[in-house]
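Structure record follows, encoded as structure tokens.
Residue numbers (my numbering), protein chains in the order written: chain G, 1 to 76; chain B, 77 to 262.
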């Protein structure tokens, strides 16, 4: 890296010191928020998966039960 | 103790304001200073200088984001100390890595030279940060304001280091393009 480029990088780094306070505040708390959000997503998807699975099982069971007499009737 | 109560102590000129501030923000400030200076003694002195500066400036200042206000003071003290100690000449360390990475945002030399206006650059950076998504923004701020290591940020975000490097790389590229589009030359 040339001295000129290094000086420019230093100036940019210094300019970054003026980042808006609200962004700094966001950075302070975002890690917790993002981890919580990720956990909620995992829990949400798990619950959704269990729900869909349960609904599908019940649906299949009901369908089988409903179709069985019809099949028996068709054979006789 | 919340920030409003601490700031009230400053306004009442009670020395417990310093104690409470150190209790709440001391470690965070020390980490920011350590990321730049890599010396516990120097980092501790920067934190002490920060608290003294806060004592001097509050009142009349009453910052809305007290933590951010302190972090900026610490960062400035740390950079000044880093430069004063000639660490830049020695090379190595996280600061050199940070500067290497920021080179991606700088237009190649040979372009028209313009006077450096820090306020303009800062304004452009803030405008740019408001256009990107939160994850990229937070990662960028943690890396290039606080000087956090890639590993530390990836652990906080619970993402792989390579994923984080990719986010930062894309953000630097975008910032470089944004600064160029805005006609900003460093």
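Heads up, the beta-carbon is just placed ideally off N, CA and C, and yes, glycines get one too.
- Task: State the Cα-Cα distance for the pair residue 255/B and residue 21/G, rounded to the nearest angstrom.
- Result: Position 179 of the second chain, counting from 1, holds the residue named residue 255/B. Position 21 of the first chain, counting from 1, holds the residue named residue 21/G. Spanning the two alpha carbons is a distance of roughly 21 Å.
- Counting contacts by CB-CB distance shorter than 8 Å, is residue 86/B in contact with chain G? Reading the second chain from its first residue, position 10 is the one you call residue 86/B. So no, residue 86/B is outside the interface.
- Anything in chain B within Cβ reach of residue 6/G, meaning under 7 Å, just list it in chain order. Your numbering for residue 6/G matches position 6 in the first chain. Within 7 Å Cβ-Cβ: 175.
- Query: So residue 100/B is in the alpha helix (DSSP H); what residue range does that whole segment cover?
  - Reply: Residue 100/B sits at position 24 when you count from the first residue of the second chain. Counting along the chain, the alpha helix (DSSP H) containing residue 100/B begins and ends at 92-113.
- Is the number of C-beta pairs between the stretch 42-58 of chain G and the stretch 216-233 of chain B that are closer than 8 Å three or more? no
- Message: Alpha carbons only, please: which of 151/B, 198/B, 213/B, 257/B is nearest the one belonging to residue 118/B?
- Response: Reading the second chain from its first residue, position 42 is the one you call residue 118/B. Here the closest residue by C-alpha is 151/B.
- So, does the CB of residue 186/B fall closer than 8 Å to a CB anywhere in chain G? Position 110 of the second chain, counted from the first residue, corresponds to residue 186/B. Because residue 186/B carries a pLDDT of 44, less than 50, the predicted location of this residue cannot be relied on, and no value is offered for it.
- Anticipated Cβ contact below 8 Å, residue 260/B with residue 212/B, distance rounded: Locating residue 260/B in the second chain gives position 184, counting from the first residue. Locating residue 212/B in the second chain gives position 136, counting from the first residue. With 8 Å as the limit, residue 260/B and residue 212/B do not qualify as a contact, their Cβ atoms being about 20 Å apart.
- Task: For residue 9/G, go through chain B and note every residue whose CB falls closer than 7 Å to its CB, in chain order.
- Result: Your numbering for residue 9/G matches position 9 in the first chain. The answer, in chain order, is 175, 178, 179, 182.
- Query: Can you list the residues of chain B that residue 16/G reaches, using a CB-CB cut of under 7 Å?
  - Reply: Counting from 1 along the first chain, the entry for residue 16/G is found at position 16. Neighbours of residue 16/G on chain B, chain order: 201, 220, 221.
- Query: At least one CB of chain B closer than 8 Å to the CB of residue 46/G: is that the case?
  - Reply: In the first chain, counting from the first residue as 1, residue 46/G sits at position 46. Closer than 8 Å: no.
- Shorter than 8 Å from the beta carbon of residue 143/B to some beta carbon of chain G? As a working note, residue 143/B is residue 67 in the second chain. Residue 143/B counts as touching chain G.
- Segment limits, alpha helix (DSSP H) that includes residue 121/B: Within the second chain, the letter at position 45 stands for residue 121/B. Residues 116-133.
- Is residue 223/B helix, strand or coil when you go by DSSP? On the second chain, position 147 is the one that residue 223/B refers to. Looking at residue 223/B - three-state DSSP - the assignment turns out to be coil, as it is neither helix nor strand.
- Item | Residue of 203/B, 234/B, 138/B minimising C-alpha distance to residue 79/B | Working through the second chain from its first residue, we reach residue 79/B at position 3. Ranking 203/B, 234/B, 138/B by Cα distance to residue 79/B puts 138/B first.
- Beta-carbon gap between residue 178/B and residue 12/G smaller than 8 Å: Sequence index remark: in the second chain, residue 178/B carries index 102 (1-based). Sequence index remark: in the first chain, residue 12/G carries index 12 (1-based). In this structure, residue 12/G lies closer than 8 Å to residue 178/B by Cβ.
- Near-chain B residues of the stretch 48-61 of chain G (beta-carbon distance less than 7 Å), N- to C-terminal order: none
- Query: Within this structure, are the beta carbons of residue 194/B and residue 15/G separated by less than 8 Å?
  - Reply: Along the second chain, read from residue 1 onward, the residue named residue 194/B stands at position 118. Along the first chain, read from residue 1 onward, the residue named residue 15/G stands at position 15. Their beta carbons are under 8 Å apart, which means residue 194/B touches residue 15/G by this criterion.
- Inter-residue spacing [alpha-carbon to alpha-carbon] between residue 149/B and residue 51/G: Here residue 149/B refers to the residue found at position 73 when the second chain is read from its first residue. Here residue 51/G refers to the residue found at position 51 when the first chain is read from its first residue. Between residue 149/B and residue 51/G, the C-alpha separation is close to 52 Å.
- Query: Between the C-alpha atoms of residue 127/B and residue 245/B, what's the straight-line distance to the nearest angstrom?
  - Reply: Counted from its first residue, the second chain places residue 127/B at position 51. Counted from its first residue, the second chain places residue 245/B at position 169. Answer to the nearest angstrom: the Cα atoms are 35 Å apart.
- Item | Close-in-space but distant-in-sequence residues of the same chain around residue 94/B (CB under 6 Å, 5 per side omitted) | Position 18 of the second chain, counted from the start, is the residue given in the question as residue 94/B. Here the set comprises 127.
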